[in-house]
Structure formats: C-alpha cells, structure tokens
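S.K.: Got a structure for you, written out below as structure tokens; questions coming shortly.
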Amino acid sequence: MTVQEIVAKRGNARENLLQILHDLQDSTEGNYLRREDVEVLAREMLLSVSDIVGTATFYTMFSLKPRGRHIIRLCESPPCYIMGEENIREAIREKLGIDFGETTADGLFTLEPSSCLGSCGVAPVMMIDDELYGNLTRDKVGRILDGIAAREPLAAGA
Amino acid sequence: MKTVRTQILLCAGGSCISSGMESVRSGLERELERHGLASEVEIIATGCMGMCQIGPMAIVYPEGVFYQKLTPDDAAEIVEEHLLKGRVVERLLYKRATTGELVEAISNIDFFKLQEKIALRNCGSIDPEDIREYIAADGYEALGRVLSSMTPEQVVAEVKASGLRGRGGAGFPTGLKWQFTAAEKAEPKYVVCNGDEGDPGAFMDRSILEGDPHSIIEAMAICGYAVGAHQGYVYVRAEYPLAIRRLAKAIEQAREYGLLGQDLFGSGFAFDLEIRMGAGAFVCGEETALMHSIEGRRGEPRPKPPFPAQQGLFGKPTVLNNVETFANIPTIILEGAETFAKLGTEKSRGTKVFALAGDVVNSGLVEVPMGISLGSVVFDIGGGIPNNKAFKAVQIGGPSGGCIPKEYLNTPITYESLPELGAIMGSGGLIVMNEDTCMVDLARYFLEFITEESCGKCTPCRVGTRIMLELVTKICRGRGTMEDLRKLEELAPQIAKTSLCGLGQTAPNPVLSTLRYFREEYLEHIQEHRCRAGVCTDLMWAPCTNACPASVNVPAYMAYVSQGRYEDALRIHLKANPFPSVCGRVCPQWCIKKCRRGDLEGPLAVRLVKRFMGDQARDYDDLYPAKEAANGHRVAVIGSGPAGLTAAYYLVLMGYGVTVFERQAEAGGMLRYAIPDYRLPRAYVDKEIDGLVKLGVEIRTGVEIGRDITIPQLEEQGYEAFYVASGCGREIRPNIPGVDLPGVYTGIEFLDRAAKGEKLPVGRDVLVIGGGDSAIDASRIARRMGARNVTILYRRTRSEMPTNPIEIREAEVEGNKVEFLANIDAIRQQDGRLEVSIVRMRLGPFDKTGRRRPEPMPAAGEARLVDAVILAIGQQSDADALVDTTGGLEATSWHGVQADPKTGRTTRPNVFAGGDLVIGAATVVEAIQAGQIGAKAIDQMLRPAPRRQYLWEQLDPPEIVPDLDADVEAIDPTREPLLRPEERLISVEVERTITAAEAMREACRCLRCDYKG
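One line per chain: the protein sequences are F and L, in this order.
Quick note: the first sequence uses this note's numbering, first residue 99, plus one each step.
Quick note: the second sequence uses this note's numbering, first residue 77, plus one each step.
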C-alpha cells in the first residue's frame, strides 16, 4: 500500500498516526519507515516531519533503518531469562550470525529484544513477525529458522 | 441445534498454540473422521486454561477428564481408547507433583480446584471466536438488563456497591471512577480499556482478551451507558497480535449482532469500539501516557490532576479501566453487587487473577478470592517449590512491587496488607523464588528494566534510577561500600517522592523491599564479598565452592583426581578442610545443589570422589599445609568435635600452642558419639584426628570445663584465648507423661551408648519420634540391634524432613517405616511393654521458617504397644557450668553460649564460640566453617594484622587447564555403591568406596567453573 492509500483507509486525524505507522512499516520492504514516505505522510497529515519522527522514535517497534523481512523478537523478561533466554540468543547468534539490533546479510532476519510477551508458562519464548514460539531449545530454534527460510522465495537473481 | 455426545475442549491460548495445539487439533479431527465420529464429537478451541507449561491440553466432557502435554500422535489413542472404549488414557493424565498420583478429573486438580473464577469465567470453556458461545454462557445479558431496566445512576451504584477496585495495580474504586466521569458535563465522553500489560511475568489481560474478548466489549458498553459515553477504545500492546486479532473479530461479530453500534437492544443507546495498538513502550501502561498514545503522540505521562475523569482522552471526561477490571462487570450486574461482595475481604472484594511463575511446581494463571493467604497460593495451588529447594520469597507486583519473605506466608492478599509489607497488588505478577535467587541481583534486574523503560521526561526517574542501578551493580560486583548503601537508601525515597508518574514513583520499590527483608545479603556482598545464592559471578570462585560452608576448592581437587594426582588433590582439600575421609562419608553436599553439571545429566558425585581421594592416603603427614614457626601464644579449645578440631588445626598451623579439652573419654564429639559406624567407621575418625595430633594439636580428654577446671583457672595457666565449641549434645525431652520409663531413650543417649558398644535391649517393636538425622540414625541402629518393626513418627510431612533424603530412603530400604503427620502425647507401662498414645497431626498456618505448623487433630488418638521408644525431637547445649564459672559470658535460652556466628565473638573479649553450641544442631561441614571463623577471630585478636589471607581463603587454580573446545559428552553420574540390605550387618559400612576408574571418570565430569580463561 502507498502512503496515500494507508492514510485514506485510516483517516488523516492525528489519533491515527500510530496505526498508520504500523501499516506503513508492515508494507515496506525492509520493515522500516522510509524517510521519503515519512515526508509524504507529513504532508498528508498536516504534521511536521520532526513531529512524526519524534513520535516514531519513542516506540521501540518502529525503525527508521531497514531491517530484515522477518523480525525475531526474543523475550527478555525474568521468566524467560531464568529459563535460558541467553542460550537461545546464543543459538541464534551461532545460526544466523546476528545479535540484538542486527540483520542477516541476506536481509531475511533481524533480531530484537522484546519486553514480556506474556507467555511465561512456555518460557523461553520468541515471536517471529506475529507468530509465537515457546519452550525454545537450541535445536528447536534451528528448526524454526530453517522452516521460515525454506518458505522464502529465492532471492531475485539467485 | 445438533446434538453431540462428547465435547473436547482444546486450549487455544497463545502459549498452547506455540506448543503445537493446531496440529493436535488436526490430528484429532482426522482421527474422528476416520472412525466416523465427526458428527458426534465436537472440538471446541477455547481460550487459555491457565496452566501453560503443560500444554497443549484438553478436557473431554461430559466426564471432565483432563489431558496434558498432547502431541498429534496422541490423537489416535484418545479417540480409540477414550472415546470408543471408554478407557481413560492414563499416560496423558496430570500427575500430582507431591505424591506422583494420577488425577483424572480436572475438578480434582489442586491448581484448578482452589480457584474462584469471575474474570476468567469463560477462559478455557468457550470458543472466543464465536459470539454464539459467549451468548450461550449468559453473554450480553448484563448489557441487555442494564439497557432495558436500569438507569445509568443505578448501574454506577451497583458497581460502587460491589466494592470492585482497579485490577491494574493501584486499586482505585471502579464505581467512583465511573461516578466522577458520569458527573462531568463536557461531551463527548470516552471509555478506555487499558490492555497495555507490560509488567514482566503478568499475562492475565492477554488471556482475557484472547479467551473472552466479548466480556470486555460488553463491560465497556455497560460503562458507556453508565457514564454517558458512546465511544470506547481498547489499547492493546503490539506484543499481543493474537489478542488483537481475536478482539477485532469479536468487535465485528458484536456489530453484526447489533450489540455494538446504534440503538443497542432497541434502547436508543449507541456505543462503538475501536482498537488502538501500542508499539513497544512500557510507560504507556500509565494512564496519562496511554491516552497520549491513543491520540497518536509520544506516550509520555503528564502530572495529575486533572484526572482522566475530568480531562482525559482528547481532553474529555474519560473512564479508564484495566482489562481484568472490566471482565468483572457483567458478573456484577448479572449476579448482583451483593453476591460479588461476599467474596474477599471488607476492603478488597471479589477475586484477583495472578500469574504464578518462577520456582513453583504449577505455574500459570490463577484466579483466587481476595484475602487468600500468600502461602496457600504458593503451596496449595502452586504445589510448592520443585527439586527440594527451599522457598525464599515471592516478588509480587512486577517492577513496581516488592518481595515478601517466608516469614509472611500467612499474609492475606489484599490491597491493604501488601503495601504494609512493602509490596503492591500491582498487575498480579507473582514470581516465586527459591534459595538460588540473589536478592541484590533481583533488585539490579528490576532497576535495569526501569532505566530502560523510563520515558525520560522527568529527571528523578531518568537520572535517579540510573544512579541507583550503578550503585547496585557495584555491590553485585563486590566493589560496593557502606557509603554506596547509604546513598542508595537516601536516593530511593527522593525518587519516589519527586517522580512525575507511577513508573518513577514506584521504581525504587524493588530496592527498598529487598533492603527491608534481605539487608544481610547486601551486607554480605559489601563486607564479605560473598553472594550466598551463587548468582553474582564476580564474587565466586565456582558455584560449588561458593555453596560449601568450608569454601573447599572443589574444581581444583576434581582436576587433580581426574589425572590420578591424588596427593595434589588432598593438598588442596586440606587447605580448607582437614577431614576428607569423614566428609567423604557424611557430607550432605551443599555444593551439588549449585553444580552446573546438574543442568545436564546430574550434578557431580562430589562426596564419592572426596571419599575415594581421602581413602587413598593412610595419613596426611606430608600433605598438610606448611606450619609457621611457633609464636609463643597459647590457646585453649573446648570441645573436640569438628568445630573445635578445625579451629585447633588452623591455630597450630599458624604457630599457636593449642590444647583441646574434651569431656568424653575420646576425641571426636559427634563424629565419634553420634554418627553411627555403618555410615562412618571409627577408623576414619581416628585417622584424621591422629593426623592433627601428629601436627601438634594437644588433646586432653576426660576434662570438663566449668566442672573440672574453669576458664579463669586456664587463664592463670597462660592460655590467652579460648574457643568454645562444646556442641549441642543434650536431647530435649518432651513434656509428656512416661518419658522416664525404662525402655524410653533419647536419641542422643541411644546413639552415644550404641557408639560405646553397649547392646541395648530394644525388643522387637520400636517407635522413634522425630525427623532429623538422629531419629533416622537411631532407627537404623535399633534394627541393627535386633528390632524387627521400627517405625519413625514425624509430625510434619516428608518434604519437610530436615535430613538428607538418601538417609530416609536407606532407612526404608532396610525395612523401617516412616509415618508422617503423627506425634505422641503419653507413654504408659502395659504388661511389661510400653503403650504409646499416638496423635495424628495436620498442617496449619505457616510458621516463621516458611513451613506449615503441625497441629494435633481433634479426633481421639490411637494406642500402640511397643518395646522401646526413642525420642529424637531436638537437641540443646549443656554449657551452663561453663558460662557460670567464666564471668562475662551470656547463655542462650537453650543452654548454649551467645555469640555472633559470623565472627565467633562472645560477650567476653578473649572467648570465642561456634558450631552447634551457637547455631544449634547442624552438619559437620558447618562446624568446620565455624572452626575457621574461630581460628581467624583468635588470630586477629592475638596478632592483629589487617587483610591477612587465611589458608581456606586462598583458592589456587590447579595446574591443569581445561580444554574449553572439547564437546561436553553426556556421562551418567556415578551412583552411590550401596550394599544390599541383607549384606548390611552391624558395623559394616553400608556404602563402599568407588574405584579409581570410577573416581577419575566422575572427576572428569567437572565443568571447571573455576577456570576464568
């Protein structure tokens, strides 16, 4: 969806800004808010660019830099921490070569820390895009990541 | 409507979905199809059932059978066995953790049985994606009733009368909020639901939104009618996409059914809802921040007043309630405020949902009546602490909350009682913590959380919490000072007072509450550089060494044993503990509770390796640490148990002239006269005491200080300092009739006489009263003396027995029985035998140790005829004569000597005391630690020198460097090589020493946590 289409769907009132930013980010390759889109959005919503950027940067889920196609959110709350969140983080680091805030070279995955995902009974947990994965072990993380990568269409030109 | 004979409720909560619930569902559907049952059996995907760690789970109705941990492969068995043949699949049943028994019906599982569900009433029993199921469960009836037969004022009055208070944390009366908003004239008004559940570990709001979204829609519409609002917003955090999807679907369905939109129920009242999704900001759970976020702005809080009721969303009057609060509303309307108010306490009505997590057997969501005791939630519903660990505290209320230690398990959970203890109800996160939790580290964790989540708008929160974090981190690293602690205590109340919003105002709470109850842990970190829980790695050599009271360098001697260098291994051991062969037989192994190998196949068999190592040397004459030149000072040690001998050992090594005075005929104390020889043959006691004598420790036996000679007289003879460790060797006799009859022994007396070779006429039937080591030992000795029926009566339950579970197991293997929750109240003579009156006990409220206090049942007891009774209910000391003749000493209530166990200091400057005499009956290794403390205290008194490092404080890295790149191969731990019961004759040790091959293999399992690279 283009910026205009999103604004048309949500309405250009200020109160819709967060939902518009979510839509915009979700429909942008690289899961982020592009500068040029933010400029268009500012005009459509009659807001300043700095106001929009200031709002977006307040929230951890918006990114102004390109990220992977899939966002891995690893829960860092105490129940997950106690159940071995650090091992999972290490398993991802070994498997994909990325740590918090980094993106794989093929642009497929970005790893981010997450606040409590509210699924403490199956800790440690992570969420990839909107899917929750619990009772994680090193092996299980490997299989999950392989599964997602296998479903990806081959990168253009490959 | 179609009729079905069976319904399978399958939990479709977010956690169960992540555990593979969808594939279980398709497996079941496939099997039902295959057996032609698809039309008779209905599968209903419900909301969260609450016990997420055993998902995916299902309940089969009408029987109500509960199945857990399902996989798609289980589907065939459930259909073929349960549905077709009517046989319950036992393999998939829930197993009661304490007893191991299988529980069939969900209604019999303690976790569910003790709950009272209002807010969660539909979670786990209806399909949240089908509005018809909610309607069938009386859904929207409350809204209908309100719109057709109540005025808005009546609705507000009803909510007020119910006593409902905000479940989001602060507990403001909900009815008052509604009344204030209703009274405002400005239009439009708004109803907002706070679903920004950010507290780590809390997930009841997610469960309600996912499992019963219509209850929120209905409640918000009722609220809208009551206050005059026509628009509502539900603010849900973006971390909960499933909740957002299900709520959106529910809103759509409600609109289709005319339950949202214009003219609801033909009343002319219009109400509609929108979802607003957050984007990752903890502070948005604060109400003013949340409203800014709904408005599309930065979610920063603002000062109050004005309150939302006057100027809320878009500056208009707004009611803002939490998800769980709203979920109560339909029930209050339908069943009446009065019914609701019957639950709970006077000021805290109704129920509260808690997310039970941490070190507890059953974790998950529980809804309990307000006023229930904390202990009941942890132990009755939660099933207690797993892995034989001790309960330490609960953390309640999330980052804004506090800890409550074991002394307060009887506290009723209410809005008033928790703040008195320095915690808050909060959003309902309840994290159970065992002895492995470091309270300073916990405070550090929450501070770190707060500094990351502080929005930065006000300085006290932004900068203040960061300074607090720096101070606490410093303490965790062992670099903290008392000045840091003072600063921390000064800063905390300032931040609480001056921060703008609830986040900052409550941010110091975790520090304040851990300081309130666990100040000694802060002091240990600062003054002793010790973290008793073994969490703060900067303060640790290795987790095992840290856990060992005597600080033995376990990884170092393991490294040497693994290479067959037993003498080097013993040298390491003897620096911290002169009794390897003794401890290799009797040590309860504090170390293995913290062994990191325990996370793999099981902890190291440290004691077995130690025993092997000790037994390799006939004596340690060439292995003891080098002795310093004589310094001319003379010290007297009173008592030749492990505490006294350890003190003497170190003092001799440091060049002191030491004489040990012993009341009994031979040295060794409890090692010789209490621990039976089937566990500890005397030859090993002799070997290790002889070694000390050869080293220069003079032992005078048969001398009792206070009777034969006094401390002032010894002073005249030139002794300058005294270490008193005369133990705890007198049995406490219960105050009941018949304790002086022939055939009635006390535990210590019985063990002492047995140790001296006396053959006691115990007869055939023996009753032992007590649950500690001496009770178990006495029971096993009695059997060895010919008793055939030996029964131990213990007044509490198995999990509370203060003895090593292995000893209980071995007593049982040998044929002895243990009866729990039993005591005696009289002994009479009857035809030459003893008639014992037995009282059955039950567990009452919690005592100060965090255990339930046993109390006698009112029913009449039973009488039992036996030949002997051994009373082993506890020990006390016998130091009155010593205290009376010394001057300047003070006795304890149990005839011991008052002293500080951390320094050994008494009220007389040149007398130090330790061991059982000071702390009560304990273990050999604790006595060794006491001896170290005593030796250090005396050395510092006689030759004051700052920062001298004592032998046991010197932790030397072994010469063997571990191969860090090698894969850790799974190796099963070595089991105790125990004799078969029929082989265990009198005086035969029941365990043998492992072989060299076994010892080396076991030592190789050490992960070398000491190695810092």
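Positions of the beta carbon are idealized from the N, C-alpha and C atoms, including for glycine.
Everything numeric in this text was worked out from a predicted model, so none of it was measured.
Taking beta-carbon pairs under 9 Å, can you tell me which members of the stretch 213 to 234 of chain F lie near chain L?
M.R.: S213, C214, L215, G216, S217, C218, G219, V220, A221, V223, M225, D227, D228, E229, L230, Y231, G232, N233
S.K.: Beta-carbon within less than 8 Å of F/G255's beta-carbon, same chain only, minus the 5 sequence neighbours each way: which residues are those?
M.R.: Note that F/G255 scores a pLDDT of 36, beneath 50, so its modelled location is shaky and nothing firm can be said.
S.K.: Could one say the Cβ of F/P164 lies closer than 8 Å to chain L's Cβ atoms, at least one of them?
M.R.: no
S.K.: Please name the residue in L/S875, L/A887, L/E883, L/R885 whose C-alpha comes closest to that of L/L897.
M.R.: L/S875
S.K.: Is the number of C-beta pairs between the stretch 548 to 559 of chain L and the stretch 598 to 613 of chain L that are closer than 8 Å three or more?
M.R.: yes
S.K.: For L/I845 versus L/V945, is the C-beta distance shorter than 8 Å?
M.R.: yes
S.K.: Relative to chain F, which residues along the stretch 119 to 146 of chain L have a C-beta separation below 8 Å, given in chain order?
M.R.: Flagged, chain order: M127, C128, Q129, G131.
S.K.: Assign L/Y170 to one of three DSSP states: helix, strand, or coil.
M.R.: strand
S.K.: What whole-angstrom Cβ distance do L/C128 and L/G200 have, given they're in contact under 8 Å?
M.R.: Not quite, the Cβ-Cβ distance comes to about 11 Å (not below 8 Å), so this is no contact.
S.K.: Roughly how many angstroms lie between the CA atoms of L/G287 and L/V470, to the nearest whole one?
M.R.: 27 Å
S.K.: Could you tell me whether any Cβ in chain L is nearer than 8 Å to the Cβ of F/Y130?
M.R.: no
S.K.: Tell me the residue span of the alpha helix (DSSP H) that contains L/E118.
M.R.: Counting along the chain, L/E118 falls outside any alpha helix (DSSP H), though it belongs to the beta strand (DSSP E) covering 117 to 122.
S.K.: Mind checking whether L/P810 and L/I949 have CB atoms under 8 Å apart?
M.R.: yes
S.K.: Taking 7 Å as the limit between beta carbons, can you name the residues of its chain near F/V136, skipping five residues before and five after?
M.R.: V147, I150, V151
S.K.: Distance check for L/D675 and L/G532, CA to CA, integer angstroms please.
M.R.: 40 Å
S.K.: Excluding five sequence neighbours on each side, which residues of the same chain lie with their C-beta closer than 7 Å to the C-beta of L/S183?
M.R.: G140, K189
S.K.: Quick check: does the Cβ of L/L146 come within less than 7 Å of any heavy atom belonging to the ligand NAD?
M.R.: The ligand content of the structure shown is nil, which means the ligand NAD is not present either.
S.K.: Quick one: grab the DSSP three-state call for L/N510.
M.R.: strand
S.K.: Pick out the complete beta strand (DSSP E) segments inside the stretch 154 to 206 of chain F, 3 residues or longer, and give them in chain order.
M.R.: 168 to 173
S.K.: Per the DSSP calculation, L/D348 is bridged to which residue(s)?
M.R.: According to DSSP, L/D348 bridges with L/Q307.
S.K.: For L/E483, return the contacting residues in chain F, with the cut-off set at a CB-CB distance below 8 Å.
M.R.: Going along chain F, no residue has its Cβ under 8 Å from L/E483, so there is no contact; the nearest lies around 23 Å.
S.K.: For L/V942, write down the residues that DSSP places opposite it in a beta bridge.
M.R.: L/L910
S.K.: If we count the other Cβ atoms within 10 Å of its Cβ and call it buried at 16 or more, is F/T155 buried or exposed?
M.R.: exposed
S.K.: Examine chain F for any beta-carbon lying closer than 8 Å to the beta-carbon of L/I370, and answer yes or no.
M.R.: Under the Cβ distance rule, L/I370 counts among the residues neighbouring chain F, one pair being separated by less than 8 Å.
S.K.: Mark L/Q665 as exposed unless 16 or more other C-beta atoms lie within 10 angstroms of its C-beta, in which case mark it buried.
M.R.: Under a 10 Å Cβ-count criterion, L/Q665 is classified as buried, with 16 or more other Cβ atoms of the shown protein chains found around its own Cβ.
S.K.: So what does DSSP say about L/Y1095, is it helix, strand or coil?
M.R.: Outside the displayed range of chain L (77 to 1089) lies residue 1095 of chain L, so it cannot be described from this structure.
S.K.: For L/K74, which beta-bridge partners are listed by DSSP?
M.R.: Since the displayed chain L opens at 77 and closes at 1089, residue 74 of chain L lies outside it and no answer follows.
S.K.: Whose Cβ in chain F lies nearer than 8 Å to the Cβ of L/E98?
M.R.: Contacts between L/E98 and chain F, judged by CB atoms closer than 8 Å, are missing: the closest CB pair is about 11 Å apart.
S.K.: Taking just the CA atoms, how far does F/D228 sit from L/P317?
M.R.: 6 Å
S.K.: Distance, Cα to Cα, L/R221 vs L/E443?
M.R.: Each residue's Cα considered, the two are about 26 Å apart.
S.K.: Assuming L/A635 contacts L/R1051 under a Cβ cut-off of 8 Å, what Cβ separation, rounded to an integer in Å, is found between them?
M.R.: Not confirmed; about 23 Å, so no contact.
S.K.: What does a CB cutoff of less than 6 Å around L/T961 pick up in its chain, not counting 5 residues either side in sequence?
M.R.: Beyond the five residues adjoining it in sequence on each side, L/T961 comes within less than 6 Å, by CB distance, of G782, T786 in the same chain, given in chain order.
S.K.: Measuring alpha carbon to alpha carbon, tell me which residue in L/A609, L/M616, L/L684, L/D698 is nearest L/K651.
M.R.: L/D698
S.K.: Please list, in chain order, all residues of the same chain as L/F798 whose beta carbon is under 8 Å from its beta carbon, the five residues on each side excluded.
M.R.: V711, A712, V713, I714, I787, L790, N986, V987, F988
S.K.: Based on the DSSP output, what are the partners of F/C214 in its beta bridges?
M.R.: Paired residues: none, contrary to the question.
S.K.: Do we get a CB-CB distance below 8 Å when we pair F/M99 with the residues of chain L?
M.R.: no
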